[in-house]
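Novice: Sharing a structure here in structure tokens format.
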Amino acid sequence: MNGLPTWARTLDAAFGPPLPGQYRAAPDDFIVEEQLDFTPEAHGEHLWLYIEKRNQTTLDVVKQLARLCGVTPRDMGYSGMKDRVAITRQWLSVHLPGRDAPVDLTERLAGVDVRVLAQARHPRKLKRGVHRTNRFTLRLSGEAVASDCFTARWQALCHHGVANYFGPQRFGPGGRNLARAEAVLARGWRKRDDRQGMLLSSARSFLFDEMLSARIEAGSWNSPLDGDTLMLDGTQSVFRTDQVDQTLKARAEALDIHPAGILWGVGYTPDETPAQRFEAEVVERHPVLCDGLLRSGIKPARRALRMRLGEPELKIEAGHATLTFLLPRGGFATAVLGELIAHPDVAGG
Numbered sequence: 007m008n009g010l011p012t013w014a015r016t017l018d019a020a021f022g023p024p025l026p027g028q029y030r031a032a033p034d035d036f037i038v039e040e041q042l043d044f045t046p047e048a049h050g051e052h053l054w055l056y057i058e059k060r061n062q063t064t065l066d067v068v069k070q071l072a073r074l075c076g077v078t079p080r081d082m083g084y085s086g087m088k089d090r091v092a093i094t095r096q097w098l099s100v101h102l103p104g105r106d107a108p109v110d111l112t113e114r115l116a117g118v119d120v121r122v123l124a125q126a127r128h129p130r131k132l133k134r135g136v137h138r139t140n141r142f143t144l145r146l147s148g149e150a151v152a153s154d155c156f157t158a159r160w161q162a163l164c165h166h167g168v169a170n171y172f173g174p175q176r177f178g179p180g181g182r183n184l185a186r187a188e189a190v191l192a193r194g195w196r197k198r199d200d201r202q203g204m205l206l207s208s209a210r211s212f213l214f215d216e217m218l219s220a221r222i223e224a225g226s227w228n229s230p231l232d233g234d235t236l237m238l239d240g241t242q243s244v245f246r247t248d249q250v251d252q253t254l255k256a257r258a259e260a261l262d263i264h265p266a267g268i269l270w271g272v273g274y275t276p277d278e279t280p281a282q283r284f285e286a287e288v289v290e291r292h293p294v295l296c297d298g299l300l301r302s303g304i305k306p307a308r309r310a311l312r313m314r315l316g317e318p319e320l321k322i323e324a325g326h327a328t329l330t331f332l333l334p335r336g337g338f339a340t341a342v343l344g345e346l347i348a349h350p351d352v353a354g355g
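Numbers given in the numbering used here equal positions in the sequence shown, counted from 1, plus 6.
Shown next as structure tokens:
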């Protein structure tokens with residue numbers, strides 16, 4: 007498997023392909039703020055730190071913080087992986103039972119360009135995926151921003167939602183993670199070949215994006231079909247519908263529910279319903295990936311085909327556009343950008 011395909015966009019039919027644009031020219035042009043829906047309890051064995059980093063990955067900071075506190079990376083916790091070329095704010099936790107952090111921890115972190123914005127104790131380690139949303143503030147420029155239809159494209163995303171693609175970063179530079187995943191799954195996945203599950207994740211993400219692109223082309227990415235699994239907006243709660251009625255169509259139009267596609271795993275086989283024929287077609291096109299995932303033992307899951315932009319704002323001045331919006335956990339800002347600008351690093355190509 008060489009490189010990644012160009013997946014369908016939702017706005018091309020109405021506005022044509024997006025024009026060239028630039029983003030993330032500097033870290034200050036891409037700001038991400040992780041948001042929990044609870045606060046630390048101010049007591050317990052784990053020290054939680056709300057940090058701001060720039061030009062570093064989350065794992066870079068985890069390793070630095072573990073070293074400064076004299077613990078192993080296993081004693082560290084974080085909810086999400088944040089971008090490197092960006093200013094990002096997120097919570098980390100350090101297991102420090104019966105002892106305090108070094109008195110000069112804040113100063114030493116500042117020396118490696120990490121600011122501590124808040125800290126508090128909590129009884130439990132910070133687990134992956136517990137944050138509710140991420141707030142993005144993005145600064146764009148270029149021909150796309152200057153075009154007459156830029157604002158209309160943005161408004162359409164606010165009204166109809168955004169296709170919930172996994173971003174290109176999930177697949178590695180040039181899609182190399184995906185090529186590695188195909189090779190590993192072809193011979194049979196083993197934990198020692200993929201300690202962090204990155205290759206399994208790349209394969210599942212690719213199959214999901216393939217299916218989502220097909221539903222965009224068919225015009226059913228944002229409306230339920232018979233046999234669909236539907237996800238309530240802002241939650242992971244799902245239910246299946248064997249037959250779509252007007253109530254479900256109205257709820258989908260209001261962005262209250264979204265069709266949810268499969269993340270392949272053991273025991274999943276598409277049935278003959280209209281919704282799952284798209285997933286059956288993915289199996290036909292990519293049997294090695296699908297069969298390898300079924301044999302890997304990973305559990306199947308569901309992901310919404312669409313995400314709502316929360317609290318969206320747009321400001322255009324001096325040839326630059328500043329976008330502010332919330333995305334649910336697991337949502338990629340590149341999926342938004344791929345509908346607004348043509349750039350090699352965003353979804354849609």
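Glycine residues also receive a C-beta, built at the ideal position from the N, C-alpha and C atoms.
Taking buried to mean at least 16 other C-beta atoms within 10 Å of its own C-beta, is residue 145 buried or exposed?
Specialist: Classification of residue 145: buried, given that the 10 Å Cβ count is 16 or more.
Novice: Write down every uninterrupted run of the alpha helix (DSSP H) in the segment 44-99 whose length is 4 residues or greater and which is fully enclosed by it, in chain order.
Specialist: Runs found: 64-75.
Novice: Nearest to residue 190 by alpha carbon, out of 296, 140 and 9?
Specialist: If we check each option's Cα against that of residue 190, 296 comes out closest.
Novice: How far does the alpha helix (DSSP H) with residue 113 in it extend, from its first residue to its last?
Specialist: Per DSSP, residue 113 belongs to the alpha helix (DSSP H) from 111-116.
Novice: Using only the alpha-carbon positions, how far apart do residue 119 and residue 60 sit?
Specialist: Using only the alpha carbons, I get a separation of about 7 Å.
Novice: Could you give the DSSP three-state label for residue 166: helix, strand or coil?
Specialist: Of the three classes helix, strand and coil, the one that applies to residue 166 here is helix, per DSSP.
Novice: Could you tell me whether the segment 23-36 touches the segment 69-83, using the rule of 3 or more Cβ pairs below 8 Å?
Specialist: Short answer: they don't touch.
Novice: Would you list the residues sitting across from residue 275 in a DSSP beta bridge?
Specialist: Beta-bridge pairing links residue 275 to no other residue.
Novice: Determine whether the beta carbon atoms of residue 341 and residue 237 lie at a separation below 8 Å.
Specialist: In this structure, residue 237 does not lie closer than 8 Å to residue 341 by Cβ.
Novice: Compute the Euclidean distance between the alpha carbons of residue 123 and residue 101, then round it to the nearest angstrom.
Specialist: Computed Cα separation, rounded: 19 Å.
Novice: For the alpha helix (DSSP H) that contains residue 255, what are its first and last residues?
Specialist: Residue 255 -> alpha helix (DSSP H) spans 252-259.
Novice: Please classify residue 38 as buried or exposed, where buried requires at least 16 neighbouring CB atoms within 10 angstroms.
Specialist: Residue 38 comes out buried.
Novice: What does the alpha-carbon distance come out to for the pair residue 50 and residue 106?
Specialist: Using only the alpha carbons, I get a separation of about 11 Å.
Novice: What are the start and end residues of the beta strand (DSSP E) that includes residue 17?
Specialist: Neither: residue 17 is in no beta strand (DSSP E) and is coded neither H nor E.
Novice: Distance, Cα to Cα, residue 326 vs residue 14?
Specialist: C-alpha separation (whole angstroms): 26 Å.
Novice: For the segment 216-229 against the segment 181-188, are there 3 or more C-beta pairs whose distance is under 8 Å?
Specialist: Taking 8 Å as the limit for Cβ pairs, the verdict is that the segment 181-188 does not touch the segment 216-229.
Novice: Can you name the start and end residues of the alpha helix (DSSP H) that residue 182 belongs to?
Specialist: Note, residue 182: alpha helix (DSSP H), 182-193.
Novice: With a CB to CB cut of under 8 Å and the five nearest residues on each side skipped, what residues in its chain are close to residue 227?
Specialist: Within the same chain, residue 227 has close Cβ partners 16, 169, 218, 221, 265, 311 and 312.
Novice: Report buried or exposed for residue 292, applying the criterion of at least 16 other Cβ atoms within 10 angstroms of its Cβ.
Specialist: Its Cβ being crowded by 16 or more others within 10 Å, residue 292 is buried.
Novice: Alpha carbon to alpha carbon, what distance is there between residue 330 and residue 317?
Specialist: Straight-line Cα distance between these residues: approximately 8 Å.
Novice: For residue 294 and residue 275, I'd like the C-alpha separation in whole angstroms.
Specialist: Going from the Cα of residue 294 to the Cα of residue 275 covers about 15 Å.
Novice: Among 72, 135 and 131, whose alpha-carbon lies nearest the alpha-carbon of residue 114?
Specialist: The shortest C-alpha separation from residue 114 is found at 72.
Novice: Assuming residue 268 is part of the beta strand (DSSP E), what are its boundary residues?
Specialist: Here the beta strand (DSSP E) through residue 268 covers 263-269.
Novice: Considering only residues of the same chain and omitting the five flanking positions on each side of residue 300, which have a CB-CB separation below 6 Å?
Specialist: Around residue 300: 272.
Novice: What distance in whole Å lies between the Cβ atoms of residue 282 and residue 233, which are believed to be in contact at a cut-off of 8 Å?
Specialist: With 8 Å as the limit, residue 233 and residue 282 qualify as a contact, their Cβ atoms being about 5 Å apart.
Novice: Could you tell me the distance, in whole angstroms, from the CA atom of residue 280 to the CA atom of residue 352?
Specialist: Each residue's Cα considered, the two are about 30 Å apart.
Novice: Per the DSSP calculation, residue 235 is bridged to which residue(s)?
Specialist: DSSP, once it has assigned bridges, lists 246 and 266 as partnering residue 235.
Novice: Compare the C-alpha of residue 116 against each of 27, 74 and 134 and name the closest.
Specialist: That would be 74, whose Cα lies nearest to the Cα of residue 116.
Novice: Suppose contacts are defined by Cβ-Cβ distances below 8 Å. Is residue 10 in contact with residue 164 by that definition?
Specialist: Cβ atoms of residue 10 and residue 164: not closer than 8 Å.
Novice: Find out if the Cβ-Cβ distance for the pair residue 52, residue 99 is shorter than 8 Å.
Specialist: Yes. Within cutoff.
Novice: What is the DSSP secondary structure of residue 197, reduced to helix, strand or coil?
Specialist: Correct three-state label for residue 197: helix.
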